[in-house]
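Heads up: the sequence lines are chains A and B, in that order. Converting from the first sequence to our numbering requires adding 13 to each position, the first position being numbered 1. Converting from the second sequence to our numbering requires adding 8 to each position, the first position being numbered 1. All C-beta atoms, glycine included, are put in the ideal place defined by N, C-alpha and C. Keep in mind that this is a model prediction, so the values were computed, not measured. These notes are about the structure you will find just below.
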Amino acid sequence: MNTSGETASGDHRSPGNQPGAEHAAFSALLEDSAEDLYEHAPCGYLSTLMDGTIAKINTTLLDWLGHERGDLVGRRTFSDLLTVGGRLYHETHFAPLLRIQGEVSGIALELRTTDGGRLPVLVTSTVKTGADGRPLLIRTTVFDARDRRAYETELLRARRQAEREREELMRLNATLQQTLLPPTLVNVPGLDVAAYYHVASTDMVGGDFYDLFPLSAGTWGLFLGDVCGKGAAAAAVTSLARYTLRAAAVYDPDPAAVLSNLNTVLNHEYNGHDPRFCTVVFGLLTPEGEYGGFRITLASGGHPPALLLRADGSADQVDTPGGQLIGVLPDAHIATATVHLAAGDTLLLHTDGLTEARQARTADGDRYGDEALLDFARALAPTTASDAVAAIRDLLDTFGTGIDDDTAVLAINVPRPPSEEQQ
Amino acid sequence: MDVRSRNRVTVTGRAGGPVVVLAHGFGCDQHMWRLVVPLLERDFTVVLFDHVGAGRSALSAWSPERYSTLDGYTEDVLEICRELDLGPVTFVGHSVSAMMGVLAAAREPKAFTGLVLLAPSPCFVDDPANGYRGGFSAEDIDELLGSLDANYLGWSGAMAPVIMGNPERPELGEELTNSFCRTDPDIARSFARVTFLSDNREDLADVTVPTLVAQCSRDAIAPPEVGEFVRSRIRGSRLVTLNATGHCPQLAAPEETAAAITEFVGATGR
Numbered sequence: 014m015n016t017s018g019e020t021a022s023g024d025h026r027s028p029g030n031q032p033g034a035e036h037a038a039f040s041a042l043l044e045d046s047a048e049d050l051y052e053h054a055p056c057g058y059l060s061t062l063m064d065g066t067i068a069k070i071n072t073t074l075l076d077w078l079g080h081e082r083g084d085l086v087g088r089r090t091f092s093d094l095l096t097v098g099g100r101l102y103h104e105t106h107f108a109p110l111l112r113i114q115g116e117v118s119g120i121a122l123e124l125r126t127t128d129g130g131r132l133p134v135l136v137t138s139t140v141k142t143g144a145d146g147r148p149l150l151i152r153t154t155v156f157d158a159r160d161r162r163a164y165e166t167e168l169l170r171a172r173r174q175a176e177r178e179r180e181e182l183m184r185l186n187a188t189l190q191q192t193l194l195p196p197t198l199v200n201v202p203g204l205d206v207a208a209y210y211h212v213a214s215t216d217m218v219g220g221d222f223y224d225l226f227p228l229s230a231g232t233w234g235l236f237l238g239d240v241c242g243k244g245a246a247a248a249a250v251t252s253l254a255r256y257t258l259r260a261a262a263v264y265d266p267d268p269a270a271v272l273s274n275l276n277t278v279l280n281h282e283y284n285g286h287d288p289r290f291c292t293v294v295f296g297l298l299t300p301e302g303e304y305g306g307f308r309i310t311l312a313s314g315g316h317p318p319a320l321l322l323r324a325d326g327s328a329d330q331v332d333t334p335g336g337q338l339i340g341v342l343p344d345a346h347i348a349t350a351t352v353h354l355a356a357g358d359t360l361l362l363h364t365d366g367l368t369e370a371r372q373a374r375t376a377d378g379d380r381y382g383d384e385a386l387l388d389f390a391r392a393l394a395p396t397t398a399s400d401a402v403a404a405i406r407d408l409l410d411t412f413g414t415g416i417d418d419d420t421a422v423l424a425i426n427v428p429r430p431p432s433e434e435q436q
Numbered sequence: 009m010d011v012r013s014r015n016r017v018t019v020t021g022r023a024g025g026p027v028v029v030l031a032h033g034f035g036c037d038q039h040m041w042r043l044v045v046p047l048l049e050r051d052f053t054v055v056l057f058d059h060v061g062a063g064r065s066a067l068s069a070w071s072p073e074r075y076s077t078l079d080g081y082t083e084d085v086l087e088i089c090r091e092l093d094l095g096p097v098t099f100v101g102h103s104v105s106a107m108m109g110v111l112a113a114a115r116e117p118k119a120f121t122g123l124v125l126l127a128p129s130p131c132f133v134d135d136p137a138n139g140y141r142g143g144f145s146a147e148d149i150d151e152l153l154g155s156l157d158a159n160y161l162g163w164s165g166a167m168a169p170v171i172m173g174n175p176e177r178p179e180l181g182e183e184l185t186n187s188f189c190r191t192d193p194d195i196a197r198s199f200a201r202v203t204f205l206s207d208n209r210e211d212l213a214d215v216t217v218p219t220l221v222a223q224c225s226r227d228a229i230a231p232p233e234v235g236e237f238v239r240s241r242i243r244g245s246r247l248v249t250l251n252a253t254g255h256c257p258q259l260a261a262p263e264e265t266a267a268a269i270t271e272f273v274g275a276t277g278r
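Quick look at the structure:
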């Protein structure tokens, strides 16, 4: 096999090294007998009968284990060489698989050595069959896997660590999210209120927020908004927005003034390379004397329009055209609208996680959209705060994984008088 | 979820013949029976299935609540029998499935004409205080979990997409060498605990249907005295020791295993 090599090297013979001698030396190396190759191969070899009895085993493996050949051949089975746990694994996984498919490769096991140690190995076995297809014996190679096992153990440890940290992160996110929302909605006399927050991802804190709180002289403030972005940085803005809105409402409850103050604060805080902004709708609720019901003045900064679901079964958007994102411009334009909420009327505020959701049932995953939501509201009206929120929850469920963004909904309703309900 | 797809139920063999349900044990799936099925299907209606979490069962049906004890698996067996509505069956349970058969037959004896307990063990862990030798210690079982983990890297990366039925990469199914007996690593850990840490010794006395205990000659998992223990606790049961060695006689000696099942069904069918 190296005759061509000999010819090629013909011109480069050194005087003291005859060509014949070089050839002979090389051949002697190659004349490694098959027997020697088997016995001293750099991996363990063994052959077993179908019942596992060791029929043949090479010197390499005997040396690794510290056994004498006579101790094993004809006396012990392959699974006798394994640790007890490894034997269970062998009997329940390895052996059946080997019988079924005729070979099994790269299985990690541990062999017991005579000095009480354990040798991590990777085992591959094939079944040799006779001419009639009947299995005759099992041939197995065994590779020393100490280094590799140490590496894999480290990988497994790192993976477990990552899983634990992810769980911790999810817990932290959930906790942080809770601090950004009121633990329970306050009780407003003469008003039925309900809210829901849908978390799209447990890995990232979302930026949606809402609140409902008392102001002076029997009036109430409410807001619902969406900070651009996700994660810790967005959560910081959410927190700032939430407390600014509450403080600003105490200072001057005029809804446009409240949002204007928030705009100024966000501009001052994030005026550098990292502008932060949000969409918000802020409402001032004032009870309407002897008639019951509430007057609501809404101010919107770039937020999707609220929906008014009336007692008569009609529903419309409460348009606040021209309201600009809060936090972008030094003087954002803020649009306001006033609506009257009579008995049986429901006002529904939401963030765009709902209308931007992709629909699983359409092939191209169309966004749900404002029009569809308005149709949904028209079908729903008349309703109550809790029924409206429950209906939105069911709607969100139908989107499944099509929801990319968190969704917040807040509904307020003036209950019908009990006499009317009974009719 | 539909029971047939949940457990990947397969019905084959002679329609109208006596019904034999074959239940695989821990570590594999219904492929375990591939060598005995051809020997049984001439005479019997043969029912095969995968336990939830194994083979091609619906992994989404697995929950730690239902499957953290043998009860959930036992309930599955009874649901399969009800769903198929084939009348009383002979239930052949291998290894841990033998105990599912014991529990199922105790709960609904009318659903069974008989039980074949193949390489059974009611308790793998030794109980020296009561003079019981199951063959293993609790530490040994921990070591098995270690072996499962050691093969986790090798198995899960390539296996998981296939197990999860990843439709975008069907080629994975073709490339895999170890394409039988698939299992999700986390479910395998749970099933290992259920299999090796359950103690059903007290339940054996509740079996009232005819029972054949078939053990192997040299079984590293279920020692001979365990087979004798099972026979002694089930009234009227019979013990046969197969020539087959190892823990899986249905693979090592399919003819002998099929013959034992056939003879038992013939004897109990009358």
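Leaving out five residues before and five after residue i in sequence, what residues of the same chain have Cβ atoms less than 8 Å from its Cβ?
i               : result
R380 of chain A : T368, E369, A370, R371, Q372
S17 of chain A  : Residue confidence for S17 of chain A is low, a pLDDT of 42 falling below 50, so the modelled location carries little weight; the figure read from the coordinates is stated next. Nothing meets the Cβ criterion.
E52 of chain A  : N71, T72, T73
T126 of chain A : W77, L78, G79, L132
A268 of chain B : V124, L220, A222, V248, L250
D383 of chain A : P317, P318, Q330, T368
Considering only residues of the same chain and omitting the five flanking positions on each side of residue i, which have a CB-CB separation below 7 Å?
i               : result
Q337 of chain A : G314, G315, A345, H346
S225 of chain B : T249, L250, N251, A252, T253
G165 of chain B : Per-residue confidence for G165 of chain B stands at a pLDDT of 39, beneath the threshold of 50, marking its modelled position as unreliable; no derived number is given.
L62 of chain A  : A68, L150
I242 of chain B : L212, V215, T219
S273 of chain A : I347
K118 of chain B : P96
P343 of chain A : N280
D51 of chain B  : R22, G25, T270
Take residue i and list the residues in its own chain whose beta-carbon comes closer than 6 Å to its own, dropping the five residues that flank it on each side.
i               : result
V250 of chain A : V240, R289
How many whole angstroms separate the CB atoms of residue i and residue j, which I take to be in contact at a CB cut-off of 8 Å?
i               : j               : result
P148 of chain A : V136 of chain A : In fact, because the Cβ distance is near 18 Å, the residues do not count as touching under 8 Å.
E151 of chain B : G98 of chain A  : 3 Å
A62 of chain B  : T82 of chain B  : Wrong, their Cβ atoms sit about 15 Å apart, outside the cutoff.
L198 of chain A : A208 of chain A : 6 Å
D58 of chain B  : S65 of chain B  : 4 Å
V19 of chain B  : L92 of chain B  : 7 Å
D37 of chain B  : C189 of chain B : 5 Å
V100 of chain B : F120 of chain B : The Cβ separation is near 11 Å, so there is no contact.
Just tell me which of the options has its CA closest to the CA of residue i.
i               : options                        : result
F199 of chain B : B:A137, B:P231, B:P72          : B:P72
C256 of chain B : B:V55, B:D214, B:A113, B:V44   : B:V44
K243 of chain A : A:P428, A:R100, A:V218, A:Q174 : A:V218
D365 of chain A : A:Y58, A:V206, A:Y256, A:T292  : A:T292
V124 of chain B : B:A158, B:D84, B:R14, B:H32    : B:H32
A355 of chain A : A:A121, A:H363, A:L169, A:T396 : A:T396
H106 of chain A : A:T192, A:L94, A:I120, A:L275  : A:I120
N208 of chain B : B:P193, B:E271, B:P128, B:E263 : B:P128
A348 of chain A : A:L193, A:G296, A:F236, A:P334 : A:P334
T414 of chain A : A:A390, A:T215, A:G302, A:S273 : A:T215
L258 of chain A : A:F389, A:I339, A:D332, A:Y283 : A:I339
T310 of chain A : A:N284, A:V294, A:A350         : A:A350
A246 of chain A : A:G129, A:N276, A:E282, A:A262 : A:E282
L322 of chain A : A:A269, A:Q191, A:G285, A:L386 : A:L386
What does DSSP give as the partner residues of residue i in its beta bridges?
i               : result
F10 of chain A  : Nothing about residue 10 of chain A can be read from this structure; chain A reaches only from 14 to 436.
Q223 of chain B : B:T249
I339 of chain A : A:C291
K69 of chain A  : A:S60
C131 of chain B : B:D207
L169 of chain A : L169 of chain A pairs with nothing; no bridge assigned.
P334 of chain A : DSSP output for P334 of chain A lists no bridge partner at all.
D329 of chain A : A:L321
T265 of chain B : DSSP, once it has assigned bridges, lists no residue as partnering T265 of chain B.
R308 of chain A : A:T299, A:H353
If the cut is a Cβ gap below 7 Å, which residues of chain C does residue i touch?
i               : result
E167 of chain A : In the structure shown, chain C does not exist; the protein chains are A and B.
Whole alpha helix (DSSP H) elements within the segment 37–113 of chain B, 4-residue minimum = Here the runs fully enclosed are 45–48, 72–75, 78–92.
* To do: Please go through the segment 97–165 of chain A and give each complete alpha helix (DSSP H) segment of 4 or more residues, from N-terminal end onward.
  => Taking only runs of at least 4 residues, the alpha helix (DSSP H) segments lying wholly in the segment 97–165 of chain A are 97–102, 108–114.
Completely contained beta strand (DSSP E) runs for the segment 360–434 of chain A, where each covers 3 or more residues
Whole beta strand (DSSP E) segments, 3+ residues: 420–426.
(Q) Which complete beta strand (DSSP E) runs does the segment 191–277 of chain A hold, if anything under 3 residues is left out? (A) As far as the segment 191–277 of chain A is concerned, its whole beta strand (DSSP E) runs of at least 3 residues are 205–211, 221–227, 233–240.
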